[in-house]
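Q: Before we start, here is the structure in question, set down as structure tokens.
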Amino acid sequence: MGKRILIVDDAAFMRMMIKDILTKNGFEVVGEAQDGNQAISLYNELKPDLVTMDITMPEMDGITALKEIKAGDPNAQIIMCSAMGQQAMVIDAIQAGAKDFIVKPFQADRVIEAIQKALN
Numbered sequence: 011m012g013k014r015i016l017i018v019d020d021a022a023f024m025r026m027m028i029k030d031i032l033t034k035n036g037f038e039v040v041g042e043a044q045d046g047n048q049a050i051s052l053y054n055e056l057k058p059d060l061v062t063m064d065i066t067m068p069e070m071d072g073i074t075a076l077k078e079i080k081a082g083d084p085n086a087q088i089i090m091c092s093a094m095g096q097q098a099m100v101i102d103a104i105q106a107g108a109k110d111f112i113v114k115p116f117q118a119d120r121v122i123e124a125i126q127k128a129l130n
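Take the numbering used here: the last position of the sequence shown gets the number 130, and nothing is skipped along the way.
Structure below.
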């Protein structure tokens, strides 16, 4: 059975793109969230194997959500997604416990590589 993944991004188009990449590569997308608050409640409810988390979102940003999820589950596997030029935020995310980060626009091989690395 494919690994279970939660996608978090405020842009429906980005969620659709990453979902497409994941399902084509045998992963199961168990949920989608559009902000950090939703991400935390869905994480606790679904217990996915991995989360792809956008950094910049309304309500609660991805780094705050990452810290909240990691506080509740230190073993959570989270990969951050960011647009170009957010290097400082990426460093914050890695220090907060993110496994890796993927730059938008998504490149399928890079997404799969990051996910496989985080899950192994």
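Where a beta carbon is used, it is the ideal one built from N, C-alpha and C, also for glycine.
Please classify Ala103 as buried or exposed, where buried requires at least 16 other C-beta atoms within 10 Å of its C-beta.
A: Locating residue 103 in the sequence shown gives position 93, where the first residue counts as 1. Flag for Ala103 reads buried.
Q: Quick one: which unbroken beta strand (DSSP E) runs of 3-plus residues sit fully inside the segment 28 to 108? Chain order, please.
A: Correct list: 38 to 43, 60 to 64 and 88 to 92.
Q: Kindly indicate which three-state DSSP category Asp119 falls into: helix, strand or coil?
A: Position 109 of the sequence shown, counted from the first residue, corresponds to residue 119. DSSP places Asp119 in helix when its eight states are reduced to three.
Q: Measure the CB-CB distance between Met163 and Asp83 and report whether it falls below 7 Å.
A: This structure cannot settle anything about residue 163, because the visible part of the chain is limited to 11 through 130.
Q: Start and end of the beta strand (DSSP E) containing Asp110?
A: As a working mapping, residue 110 is identified with position 100 in the sequence shown. Here the beta strand (DSSP E) through Asp110 covers Asp110 to Val113.
Q: Spatial neighbours of Ala128 within its chain, please: CB distance less than 7 Å, with the 5 preceding and 5 following residues excluded, ordered by chain position.
A: For this step, residue 128 is matched to residue 118 along the sequence shown. Closer than 7 Å at the Cβ level, and outside the excluded window around Ala128, lie Leu60, Gln87, Ile89, Lys109 and Asp110.
Q: Expressed to the nearest angstrom, what Euclidean distance is found between the alpha-carbon atoms of Ala124 and Phe116?
A: As a position in the sequence shown, residue 124 is number 114, starting the count at 1. As a position in the sequence shown, residue 116 is number 106, starting the count at 1. The alpha-carbon atoms of Ala124 and Phe116 are separated by roughly 11 Å.
Q: Determine contact between the segment 31 to 41 and the segment 15 to 23, defined as no fewer than three beta-carbon pairs at a distance below 8 Å.
A: At 8 Å Cβ cutoff, the stretches touch.
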